[in-house]
Each structure stands twice: as structure tokens, then as C-alpha cells.
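K.L.:
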Amino acid sequence: MDRRDELVANLADVRTRIAAAEHAAGRASGSVQLVVVTKTWPASDVMLLADLGITEVAENRDQEARPKWEACAGLGLRWHFVGQLQRNKARSVTSYADVIESVDRPELVAALDRGAEEAGRVVEVLLQVDLADPPQPHRGGVIPVSLPALAEVAAQASSLRLGGLMAVAPLGEPPEAAFARLARVAEDLRVKHPEAVVLSAGMSTDLEAAVLAGATHVRVGTAVLGGRPALR
Ligand SMILES: *Cc1c(COP(=O)(O)O)cnc(C)c1O
């Protein structure tokens with residue numbers, strides 16, 4: 000099978016899974032946005048995906064994302080950044096990312112706001128919630144009790160737009176339970192920030208559980224592109 004045929008088949012599977020999950024959750028068909036996580040895969044794959052109707056892609060390392068974004072300019076893609084982010088990368092990432100999903104501390108909000116302002120852009124941000132109990136600091140994310148303060152800072156940043164929340168299911172627990180907690184955190188957030196409607200949750204192995212809990216965006220890598228080569 001050539002790469003294009005492989006992607007066509009995998010995308011059909013993933014779209015079928017999303018549609019079934021929407022149906023099972025009693026949600027409108029087409030209400031969940033597929034974001035394809037293209038990390039470790041070449042720009043040629045991103046071009047094929049764009050040709051196959053994918054409109055949103057995600058990357059997790061600035062040094063890899065930037066050249067791919069440059070190579071894929073003009074394809075009309077929305078670029079999500081989903082990796083842990085250091086402040087010194089904020090200026091670079093805000094120059095090309097449309098959505099930054101891994102925002103988890105006030106210093107990072109400030110750096111991203113400055114970067115977006117310098118670039119003359121308004122960048123959407125999602126606050127990454129650490130769903131683990133106890134927290135798993137190495138995986139990133141703000142603990143739920145600290146979320147309201149962070150949301151306030153993000154909502155007031157003039158070059159950022161608070162879109163909503165992102166989370167990764169913690170290890171060692173069924174994803175259903177973790178995503179149910181996330182849904183409650185999201186509901187609380189929307190009391191003060193009704194505009195923060197995005198809920199980015201669910202990956203290749205747990206997208207059904209996320210859709211059931213109200214995810215608006217699923218981030219799928221492996222199920223579309225295949226197993227990633229070992230990290231370089
Ligand atoms: C890699 C990654 C994904 C996609 O994971 P798969 O299991 O390959 O679908 C989703 N979200 C984040 C934050 C990631 O880093």
C-alpha cells in the first residue's frame with residue numbers, strides 16, 4: 000500500500016470511530032473536530048493529510064513544527080501546539096501556531112501574550128489540566144484548584160483568546176473517570192468564561208471516552224499515521 004492509501008484507510012477508520020462515539024453519546028454528527036497529531040512524521044504526510052480533507056494538525060516540538068509549518072504554507076491548515084513549552088520558545092511558537100493547547104502557568108501566558116502581540120496576531124490558547132491524582136508534574140498541566148486564577152490571567156491577555164481546556168488521560172486509571180472529572184472542571188470554568196467552549200481530549204486509544212465526556216476536539220496521531228518511530 001502506498002502512503003496515501005494507508006492514510007485514506009486509517010482516516011476512514013478514525014472517522015468511523017468518531018461518528019460512532021458521537022452517536023453513542025447522543026451528540027450531533029460532525030460535532031467533534033479531528034486534529035491529527037503529525038509529530039515525528041514528515042511534511043509530506045501533512046501535505047497528504049491536507050489533500051485528504053484534514054484541516055487541523057498538531058505538533059509538540061517547536062524545532063520540528065516550524066519547518067513543517069513553513070513547508071506546508073498555503074494549505075490553509077490550522078496548527079495546534081500540544082507540547083510542553085518553555086518561555087524562550089514562546090515568540091517562535093506564537094508566530095505560526097493558531098492554537099496553543101499546553102498552557103499551564105501564568106509566566107507562560109505572559110510570554111505567549113508578548114510573542115503574539117509582537118507578531119501582530121491573536122492566538123487561541125487552551126489551558127492544560129493535570130487530571131492525575133496525585134499530580135504528574137513531568138507531564139505538564141495546571142492542577143484544577145489553580146485553574147481559575149490561570150484562566151483569569153489568560154482571559155485578560157490582550158493578544159490571546161481563551162478557547163477552553165486540554166487534557167491527557169492520566170496513566171493508571173480508566174480514562175472515563177478522568178474525563179468525567181475534566182467535564183466538571185470545564186463546566187465550572189464556563190460559569191465565569193462562557194466563551195471557553197473548547198474541550199480537547201482523547202487520543203488514539205481513548206477518543207471514545209473523551210467524546211462521551213464532551214470533547215469538542217480529539218487529538219489523534221498513531222491511529223492515523225501509524226506507530227511513531229522511537230523519539231530522535
Ligand atoms: C502525541 C500526542 C497525541 C496523540 O497521541 P496518539 O496516541 O498517537 O494518538 C495527543 N496529544 C498529545 C498532547 C500528544 O503529545
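Using numbering that gives the first Met the number 0, you'd call the opening residue of the sequence shown number 0 and step up by one each time.
Where is the CB? At the ideal position from N, CA and C, for every residue including glycine.
The model shown is predicted, which means the values in this text are computed figures rather than measured ones.
Over what stretch of residues does the beta strand (DSSP E) that includes residue 141 continue unbroken?
P.N.:
Taking the sequence shown and counting its residues from 1, the one referred to as residue 141 is at position 142. Note, residue 141: premise wrong, no beta strand (DSSP E); not H, not E.
K.L.:
What do you reckon, are the CB atoms on residue 93 and residue 75 nearer than 7 angstroms?
P.N.:
Your numbering for residue 93 matches position 94 in the sequence shown. Your numbering for residue 75 matches position 76 in the sequence shown. Not a contact, by the Cβ cut-off of 7 angstroms.
K.L.:
Checking the sheet assignment: what are the DSSP bridge partners for residue 183?
P.N.:
For the purposes of this step, residue 183 is identified with residue 184 of the sequence shown, where counting begins at 1. None, per the DSSP bridge assignment.
K.L.:
Have a look at the DSSP bridge pairing and note the partners of residue 80.
P.N.:
Against the sequence shown, residue 80 aligns to sequence position 81. Note: residue 80 sits in a beta bridge opposite 58 and 99.
K.L.:
Hey, is residue 225 close to ligand 1, as in C-beta under 6 angstroms from one of its heavy atoms?
P.N.:
For the purposes of this step, residue 225 is identified with residue 226 of the sequence shown, where counting begins at 1. Residue 225 Cβ: outside cutoff for every heavy atom of ligand 1.
K.L.:
Going by C-alpha distance, which of 96, 199 and 69 is nearest residue 126?
P.N.:
Here the question's residue 126 lines up with position 127 in the sequence shown. Considering only alpha carbons, the answer is 199.
K.L.:
Does DSSP put residue 130 in a helix, in a strand, or in coil?
P.N.:
Looking up residue 130 in the sequence shown gives position 131. Of the three classes helix, strand and coil, the one that applies to residue 130 here is coil, per DSSP.
K.L.:
Identify the continuous alpha helix (DSSP H) that holds residue 14 and give its terminal residues.
P.N.:
What you label residue 14 is simply residue 15 of the sequence shown in a count that begins at 1. Segment 2-23, the alpha helix (DSSP H) holding residue 14.
K.L.:
Rank 28, 116 and 179 by C-alpha distance to the C-alpha of residue 213 and give the top, closest one.
P.N.:
By 1-based counting over the sequence shown, the position of residue 213 is 214. The option with the nearest alpha carbon to residue 213 is 179.
K.L.:
According to DSSP, residue 35 sits in a beta bridge with which residue or residues?
P.N.:
Counted from its first residue, the sequence shown places residue 35 at position 36. According to DSSP, residue 35 bridges with 56 and 219.
K.L.:
Here's the rule I'm using: 16 or more other beta-carbon atoms within 10 Å means buried, otherwise exposed. How should residue 112 be labelled?
P.N.:
Here residue 112 refers to the residue found at position 113 when the sequence shown is read from its first residue. Buried is the call here.
K.L.:
Could you check what DSSP says for residue 111 in three-state terms: helix, strand or coil?
P.N.:
Position 112 of the sequence shown holds residue 111. Residue 111 falls in the helix class under three-state DSSP.
K.L.:
Which of the three DSSP states is assigned to residue 168 in this structure?
P.N.:
The residue labelled residue 168 in the question sits at position 169 within the sequence shown. In this structure, residue 168 counts as coil in the three-state DSSP scheme.
K.L.:
Would you call the segment 29-42 in contact with the segment 208-226, where contact means no fewer than 3 C-beta pairs closer than 8 angstroms?
P.N.:
Verdict: yes, contact present.
K.L.:
How is residue 28 classed by DSSP in three states: helix, strand or coil?
P.N.:
Position 29 of the sequence shown, counted from the first residue, corresponds to residue 28. Coil at residue 28, not helix or strand.
K.L.:
In three-state terms, what does DSSP make of residue 160?
P.N.:
On the sequence shown, position 161 is the one that residue 160 refers to. If DSSP states are grouped into helix, strand and coil, residue 160 belongs with the strands.
K.L.:
Can you find at least 3 beta carbon pairs, one from the segment 129-146 and one from the segment 53-73, that sit closer than 8 angstroms?
P.N.:
With the cut-off at 8 angstroms, the segment 129-146 and the segment 53-73 do not touch.
K.L.:
Kindly indicate which three-state DSSP category residue 146 falls into: helix, strand or coil?
P.N.:
Against the sequence shown, residue 146 aligns to sequence position 147. Residue 146 falls in the helix class under three-state DSSP.
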